[in-house]
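Enquirer:
Protein chains: 2
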Amino acid sequence: MKIKYIFLVVFSACSFSGFAQSKIEDSLMFRKLYAEAMLKGKSYENLEILCNTIGNRLTGSPQAERAVELTKKMFLDAKADSVFLQAVKVPHWVRGKKETAKIILPKQDLTSPAAAGKYYQAKRTEFSTEILALGGSIATPEQGLRGSVVEIKNLKDWDKIKKQQVEGKIVFFNQPMDAKTINTFDAYGPAVKQRSMGAIMAARLGAIGVIVRSVTLANDDNPHTGAMRYNDSIAKIPACAISTKGADLLSKLLAEEPALEFEYFMYCNTLPDVMSNNVVAELKSNFNSESKTEYIVTGGHLDSWDVGQGAHDDGAGCMQTIEALRILKAVGYVPKRTLRFVMFMNEENGLRGGEEYAKLAKKNNENHIAGIESDAGGFAPDGFSFEVSEKQKEKLKTFWKYFIPYGLHDFNREGGGADISPLKAQGTAVFEMMPESQRYFDYHHCELDTFDKVNKRELEQGAFALAALIYMISEYGL
Amino acid sequence: MKIKYIFLVVFSACSFSGFAQSKIEDSLMFRKLYAEAMLKGKSYENLEILCNTIGNRLTGSPQAERAVELTKKMFLDAKADSVFLQAVKVPHWVRGKKETAKIILPKQDLTSPAAAGKYYQAKRTEFSTEILALGGSIATPEQGLRGSVVEIKNLKDWDKIKKQQVEGKIVFFNQPMDAKTINTFDAYGPAVKQRSMGAIMAARLGAIGVIVRSVTLANDDNPHTGAMRYNDSIAKIPACAISTKGADLLSKLLAEEPALEFEYFMYCNTLPDVMSNNVVAELKSNFNSESKTEYIVTGGHLDSWDVGQGAHDDGAGCMQTIEALRILKAVGYVPKRTLRFVMFMNEENGLRGGEEYAKLAKKNNENHIAGIESDAGGFAPDGFSFEVSEKQKEKLKTFWKYFIPYGLHDFNREGGGADISPLKAQGTAVFEMMPESQRYFDYHHCELDTFDKVNKRELEQGAFALAALIYMISEYGL
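In the order they appear, the protein sequences are chains A and B.
Heads up: the first sequence begins at 104 in the working numbering, then just goes up one per residue.
Heads up: the second sequence begins at 104 in the working numbering, then just goes up one per residue.
#1: May I ask which residues mark the beginning and end of the beta strand (DSSP E) holding A/Gln51?
#2: What's the C-alpha gap between B/Pro279 and B/Asn257?
#3: Between which residues of its own chain and A/Ala225 is the CB-CB distance below 8 Å, once the five residues before and five after are set aside?
#4: Who are the near neighbours of A/Ile85 in its chain, counting only those whose CB is closer than 6 Å to its CB and skipping five residues on each side?
#5: Quick one: does A/Glu202 have its CB under 8 Å from some CB of chain B?
#6: Using a C-beta to C-beta distance shorter than 8 Å, which residues of chain A count as neighbours of B/Pro538?
#7: Hey, does B/Pro508 have any beta-carbon neighbour from chain A nearer than 8 Å?
#8: Looking at chain B, is there any beta carbon in it that lies within less than 8 Å of the beta carbon of A/Tyr367?
#9: Name the residues in the stretch 139-162 of chain A whose C-beta lies less than 7 Å from a C-beta of chain B; which are they?
#10: Could you pull out every residue in the same chain whose Cβ sits closer than 6 Å to the Cβ of A/Cys421, ignoring the five residues on either side in sequence?
#11: What is the DSSP secondary structure of B/Phe390, counted as helix, strand or coil?
#12: Would B/Leu584 count as contacting chain A if we go by Cβ distances under 8 Å?
#13: Exposed or buried, which one is A/Asp335 when buried takes at least 16 other CB atoms within 10 Å?
#14: Who are the Cβ neighbours of B/Lys348 in its own chain at under 7 Å, not counting the five residues just before and after it?
#15: Name, please, each residue of chain A whose Cβ falls closer than 7 Å to the Cβ of B/Ala483.
#16: My guess is that A/Ala427 and A/Ala566 are in contact by the Cβ rule of under 8 Å, so how many angstroms apart are they, rounded?
#17: By alpha-carbon positions, which one of A/Lys500, A/Arg298, A/Leu136 and A/Met536 ends up nearest to A/Ala342?
#18: Strictly below 7 Å CB to CB, what residues from chain A border B/Arg169?
#19: Which value, in whole angstroms, describes the spacing of the CA atoms of B/Gly486 and A/Gly519?
#20: Where does B/Ala358 land, buried or exposed, given buried means 16+ other C-beta within 10 angstroms?
#21: Is there a Cβ of chain A sitting closer than 8 Å to that of B/Asn334, yes or no?
#22: Write down the C-beta distance between A/Ser477 and A/Gln423 rounded to the nearest angstrom, noting that I regard them as a contact closer than 8 Å.
#23: Distance cutoff 8 Å, beta carbons only. Does B/Ile285 sit that close to anything in chain A?
#24: State the CB to CB distance for the pair B/Phe365 and B/Gly250, rounded to an integer number of angstroms; the pair is presumed to be in contact (CB under 8 Å).
#25: Around the Cβ of A/Ala528, are there at least 16 other Cβ atoms within 10 angstroms (buried) or fewer (exposed)?
#26: Taking B/Lys205 as part of the beta strand (DSSP E), name the residues at either end of that continuous run.
#27: Have a look at the DSSP bridge pairing and note the partners of B/Arg443.
#28: How would you write the range of the beta strand (DSSP E) that A/Met536 sits in, first residue to last?
#29: Give the residues of chain A in contact with B/Leu572, contact being defined as C-beta atoms less than 7 Å apart.
#30: Below 8 Å on the Cβ atoms is my guess for A/Ser379 versus A/Val557; work out the distance and round it to an integer in Å.
#31: Run the CB neighbour count on A/Lys263, radius 10 Å, all protein chains shown included, and call it buried at 16 or more, exposed below.
#32: In three-state DSSP terms, what is B/Met575?
#33: What residues match up with A/Asn372 in a beta bridge as DSSP calls it?
#34: May I ask you to report which of helix, strand or coil DSSP gives B/Ala181?
#35: Please report the distance separating the alpha-carbon of B/Leu179 from that of B/Gly247.
#36: Count the other CB atoms, across all protein chains shown, that sit within 10 Å of the CB of B/Asp416; report buried if there are 16 or more and exposed otherwise.
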């Protein structure tokens, strides 16, 4: 009994001191990672190179291929232990010539008493408006598509719409994002359905085209593109995004003159699939233990829409991913688990890169315990969302306190990134970095998503946050 | 005993239901205030008017006076119960013609072996650099001020500097803000001393001029001005800010060629004091109770530096103040206490408006229980800092939980705004809104502080936060 008692005392003293020590070590490591990120950060200059020398990089474009080569080199410069490409067959949609559109009011006597006071009365009978083809849309006929317009102000009203109201017409989905929602991502979900599903919904009732209000909270002339779907059993109709100011104008004119027509020209086309790549870098574990067979993967998506520069979406997440590797290596961290860093190809219109990565991970029997994504903009990080088991949630609570001094405070949201969702389906715990959300949708999928919209420190803080989470999971597992 | 028992039960039931009810009412009021701010907000368009029609507005300038008239009208449009001006005698410093400066390397044989490899060797022997006179500085002599340069890289080294090292020279204070500090306001404090005190420190040891590294974390060509002090018993010497890129260049050249000289021309001048105004609006309390004799004052400062547009500093805080009044009125809130909303004049170079307000409050025997300021930029609000009694701190803990769902989470910082510091000295509890801090000093006191740097939703969220805090203090006191 006495011996046993002594053992117990020694053991608990050790574990207590071990715990205390590790807490200090972790805090010190956080400080080192933060200092490295803020004093010697490379993510901002790397993002400038990506944005200003390559620019936007839609899957299948020559720019996307140049971005593969560029980020491979960036990984090597960041001192990755190894870098390799994963071949991915990807879709290839092209926009073609710039789209045009106009609103045409019926001919009438503008001097008549009926016209007095109407919005357009003092103006003109044609209004040009900015549109962008939605990604994946078919083109309009060569002579353009022209038709009268049915406006849907609230998607909830759609179920009441009858075929005869819509048939042969252009459906105009005009539900705004809800400005009184606090986190803008929560406002995105309900509004984006009209973009992704609008063409199917409208064509099912016989519509000939679809116009979608840009999914943004900004009030300006920039149309925002994004992915849309067709259903093979339903007619494909041309789908475009209209700017929020254009949408408001169209709505106003429709209220005064329901017989107006909308005419648009789009030149987009879906070409045969082509080959592209994920770019994968590794920091190897030198520990001789079970843990080294566990993988932690972190990434962003390298492709972007074909307008703007894909700076926040998702050049920022890609550069932060490369930077997380650089920081961890620069401070001399020796990982207990195998760390992967991935530039996923084709998040925007296919997710083929994420799917291929997960497929290969499974095939190669790589035990991915965690997937981390940065794809919500290069703004100051507020926290992480995640989808993990209840037991993992408890363990994570011991991690989050280290992040609080660095401004990360929100660990209550659910969700992981799109590119790592195929891993989630295989049982991997997934995380997404949640930056301050107010500005994201101002720039999202439009001409405004350019390098000058990114703040250096905010971007660097995000890179630190990724590195810090990778460190904690690498040290303690999940 | 029985009767007493019944009373107790009834009393506690009432107080419990009263508590529960008030919690729901408060949550609902927060929602109403938020919806009003985000759906019908006026602060963004008001800020555009202030910035784009008036622009910057240094105390004493015609623009400052136009801003007084403009914001008086804005208060009336926001449905203030009353608006009045408080006369304030203010300083009147003018910049005059644009400053110029150059770094001059000594003449030498650039083909000599000694010059090989030096930074300037392949370049030239004169480098123009961007400067701004610091606010309050005297001009240089008409023929400019030229002298050799002593660089101080760290203010901690100053105590070791001897008179003979500095006498007859120009002191170049070149301590950067510390980029690894998390909240940028914490990095500002240690670095700003060289700007405010540099001229006194240098002149005390016989220096003829002073150059100060711009107090910003950005690396660019924009010099940042700001207030500086003289001491009447020590010689006044011309003081300028140099851009961070200019400072780095000067430092590099000094390392190669310590004998270089700096020459600058400044045309600034301090004119006699003039009269200006604080703009004060009121929402009266209709409650017949003691509480209506308690005042809650909220404000920003209307003056700005004379470069850029004073958008974040502090047009944002002013427009949020007016908007807080508008929101509270628009949702039909009837205040339990008297609410004041103030455009303080002369925060940047004198604080005379804040001092005058406090003086009049005391003279008129107005019991100011709380002063709230917004003067840290129109970015997404993170929380409030405050200086209150321990008892008040406990009470405030019951307030903060209502703010959490709106993204405000940080209630751990100490401090109130500058304009309300004279009230604090009279015993008033003071608060300052703390927005996300990363971008603030990029724009602060320089040409970049313009309307386009402000995000609509972030600005509006700040106005909501002010209104919500005013509401809570108005309802429950401190």
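Where a beta carbon is used, it is the ideal one built from N, C-alpha and C, also for glycine.
Expert: So, to answer that:
#1: Because chain A spans 104 through 581 in this model, residue 51 of chain A falls outside it and cannot be assessed.
#2: Rounded to the nearest whole angstrom, the C-alpha separation of B/Pro279 and B/Asn257 is 8 Å.
#3: The pLDDT assigned to A/Ala225 is 48, lower than 50, so where the model puts this residue is not dependable; a value taken from the coordinates is nonetheless given after this. Counting only Cβ-Cβ distances below 8 Å, and skipping sequence neighbours, we find nothing.
#4: The question about residue 85 of chain A has no answer here: the residues shown for chain A are numbered 104 through 581.
#5: No, because no Cβ of chain B sits closer than 8 Å to the Cβ of A/Glu202.
#6: Here the premise fails: no neighbours, minimum Cβ distance about 10 Å.
#7: Under the 8 Å criterion on CB atoms, B/Pro508 is classed as interfacial with respect to chain A.
#8: With 8 Å as the cut-off, A/Tyr367 does not count as an interface residue toward chain B.
#9: Against chain B - using a Cβ distance shorter than 7 Å - the residues of the stretch 139-162 of chain A are Met141 and Leu142.
#10: For A/Cys421, where only same-chain residues beyond five positions count, the Cβ hits under 6 Å are Gly403, Leu405 and Met446.
#11: If DSSP states are grouped into helix, strand and coil, B/Phe390 belongs with coil.
#12: Within the shown structure, residues of chain B are numbered from 104 to 581, placing residue 584 of chain B beyond reach of any answer.
#13: A/Asp335 should be labelled exposed.
#14: If the five residues before and after B/Lys348 are omitted, its C-beta is found closer than 7 Å to the C-beta atoms of Asn322, Asp323 and Asp324, all from its own chain and listed in chain order.
#15: Chain A residues near B/Ala483: Glu539 and Gln541.
#16: Under the criterion of beta carbons closer than 8 Å, A/Ala427 and A/Ala566 qualify as touching, at roughly 6 Å.
#17: Checking every option, the nearest Cα to that of A/Ala342 belongs to A/Arg298.
#18: The contacting residues do not exist; B/Arg169 stays about 27 Å from chain A at best.
#19: Cα to Cα, the separation comes out at about 27 Å.
#20: Exposed, by the Cβ-count rule.
#21: Chain A, which has no Cβ nearer than 8 Å to the Cβ of B/Asn334, makes this no.
#22: Rounded, the Cβ-Cβ distance is 5 Å, consistent with contact.
#23: Cβ-Cβ to chain A under 8 Å: yes for B/Ile285.
#24: The beta carbons of B/Phe365 and B/Gly250 sit about 7 Å from each other, so the pair counts as a contact at 8 Å.
#25: Answer is exposed; the Cβ neighbour count stays below 16.
#26: For B/Lys205, the uninterrupted beta strand (DSSP E) segment begins and ends at Thr203 to Ile207.
#27: In DSSP, B/Arg443 forms a bridge with B/Glu385 and B/Val400.
#28: Going by DSSP, A/Met536 is part of the beta strand (DSSP E) stretching over Ala532 to Pro538.
#29: By Cβ distance, chain A contributes nothing, its closest Cβ being about 17 Å from B/Leu572, past 7 Å.
#30: Contact flag wrong, Cβ pair sits at about 25 Å.
#31: A/Lys263 is exposed by the Cβ-count criterion.
#32: Helix at B/Met575.
#33: Under DSSP, A/Asn372 takes part in a beta bridge, and its partners are A/Val197.
#34: DSSP, reduced to helix, strand and coil, places B/Ala181 outside both helices and strands of the structure shown, so it counts as coil.
#35: Rounded to whole angstroms, B/Leu179 to B/Gly247 spans 49 Å at the Cα level.
#36: In the assembly as shown, B/Asp416 is a buried residue. Its beta-carbon has 16 or more other beta-carbons within 10 Å.
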